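Notes to accompany the following structure.
Numbering (the numbering used here), first residue to last: 286 to 488.
This is how it looks when you write it as structure tokens:
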């Protein structure tokens with residue numbers, strides 16, 4: 286049993302830094318386990334919004350649309366991020382005339398910033414976007430284009446959304462969410478704790 290327990294601690298310690306991710310959704314939300322190949326107009330449509338994890342431990346240095354947590358995009362406090370974050374994406378492309386999509390996305394770390402303006406989405410696509418996903422970079426009608434009727438709210442590690450695409454021109458709702466990356470010291474403490482447990486079991 287001792288080798289198995291040691292392996293468990295080792296695996297647990299190694300997995301933790303890569304575990305920052307979406308942990309739950311509610312409402313009209315389709316949670317994609319892997320990023321889609323394409324999220325340009327008409328490529329990913331439906332009555333539900335889609336969400337996925339993009340990158341982990343990505344270095345970003347740019348302006349963002351919203352840093353207030355708690356807060357709402359309809360009363361956003363813009364800011365600037367400079368550091369290492371995890372990125373996630375919310376996408377809604379519904380041209381069927383159905384009601385707006387509403388729901389929540391919960392992450393296992395606090396939300397630091399939200400990006401939903403088309404220019405700042407364009408700016409962050411190359412650095413924070415998922416590898417292998419084609420984004421509508423340069424498309425002017427992306428983001429929370431139908432605000433204030435389309436909006437997101439932030440509370441801790443949960444993003445709530447109310448999205449619609451009713452507009453005279455073709456629009457898609459897209460939001461990039463940046464979450465905190467736990468300090469390496471927290472993982473070191475867990476590793477030390479695991480070693481102490483094994484030492485106690487041996488004694």
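Note that CB positions come from ideal geometry on N, CA and C, so glycine has one too. Source: prediction; values computed, not measured.
Am I right that residue i and residue j are in contact with their C-beta atoms under 8 Å? What's the rounded C-beta distance?
| i | j | result |
| --- | --- | --- |
| residue 452 | residue 422 | Not a contact, Cβ separation roughly 20 Å. |
| residue 349 | residue 366 | 5 Å |
| residue 398 | residue 339 | Rounded, the Cβ-Cβ distance is 14 Å, inconsistent with contact. |
| residue 407 | residue 457 | Not quite, the Cβ-Cβ distance comes to about 13 Å (not below 8 Å), so this is no contact. |
| residue 460 | residue 401 | 5 Å |
| residue 438 | residue 311 | Going by Cβ atoms, the distance from residue 438 to residue 311 rounds to 14 Å, so no, they are not a contact pair. |
| residue 334 | residue 313 | 6 Å |
Please classify residue i: is it buried, with 16 or more other beta-carbons within 10 angstroms of its beta-carbon, or exposed?
| i | result |
| --- | --- |
| residue 418 | buried |
| residue 425 | exposed |
| residue 416 | exposed |
| residue 344 | exposed |
| residue 490 | Since the first residue of the chain shown is 286 and the last is 488, residue 490 is not available in this structure. |
| residue 450 | buried |
| residue 473 | Reliability fails at residue 473, whose pLDDT of 40 lies under 50, so the model's placement of it is uncertain and no value is given. |
| residue 319 | exposed |
| residue 289 | With a pLDDT of 36 at residue 289, under the threshold of 50, the modelled position of that residue is not reliable, and no figure is offered here. |
| residue 385 | buried |
| residue 342 | exposed |
| residue 403 | buried |
Does the distance from the C-beta atom of residue i to that of residue j stay below 8 Å?
| i | j | result |
| --- | --- | --- |
| residue 387 | residue 446 | yes |
| residue 329 | residue 376 | yes |
| residue 306 | residue 393 | yes |
| residue 326 | residue 455 | yes |
| residue 444 | residue 462 | yes |
So is residue i in contact with chain C if we call contact Cβ pairs under 8 Å?
| i | result |
| --- | --- |
| residue 349 | In the displayed structure, chain C is absent; only one protein chain is listed. |
Ordered along the chain, which non-local residues of its own chain (more than five positions away) have a Cβ less than 7 Å from that of residue i?
| i | result |
| --- | --- |
| residue 383 | 332 |
| residue 436 | 357, 358, 359, 429, 447 |
| residue 434 | 449 |
| residue 362 | 351, 352, 353, 356 |
| residue 467 | 394 |
What residues in its chain sit with their C-beta under 8 Å from that of residue i, if we drop five residues either side in the sequence?
| i | result |
| --- | --- |
| residue 336 | 307, 310, 314, 315, 316, 317, 373, 374, 375, 376, 390 |
| residue 364 | 348, 349, 351, 352, 398 |
Between which residues of its own chain and residue i is the CB-CB distance below 6 Å, once the five residues before and five after are set aside?
| i | result |
| --- | --- |
| residue 465 | 394, 395, 397 |
| residue 346 | 367 |
| residue 410 | 420, 422 |
| residue 323 | 419 |
### Any beta strand (DSSP E) of 3 or more consecutive residues that is wholly inside the segment 395-425
For the segment 395-425, the full-length beta strand (DSSP E) segments reaching 3 residues or more read 396-400 along the chain.
### Query
What are the start and end residues of each continuous beta strand (DSSP E) run of 3 or more residues lying completely inside the segment 427-473, in chain order?
The segment 427-473 contains these whole beta strand (DSSP E) runs: 436-440, 443-448, 458-465.
#### Entry: Contiguous beta strand (DSSP E) assignments of at least 3 residues, all confined to the segment 308-346
Taken in chain order, the complete beta strand (DSSP E) segments of 3 or more residues contained in the segment 308-346 are 314-316, 334-338.
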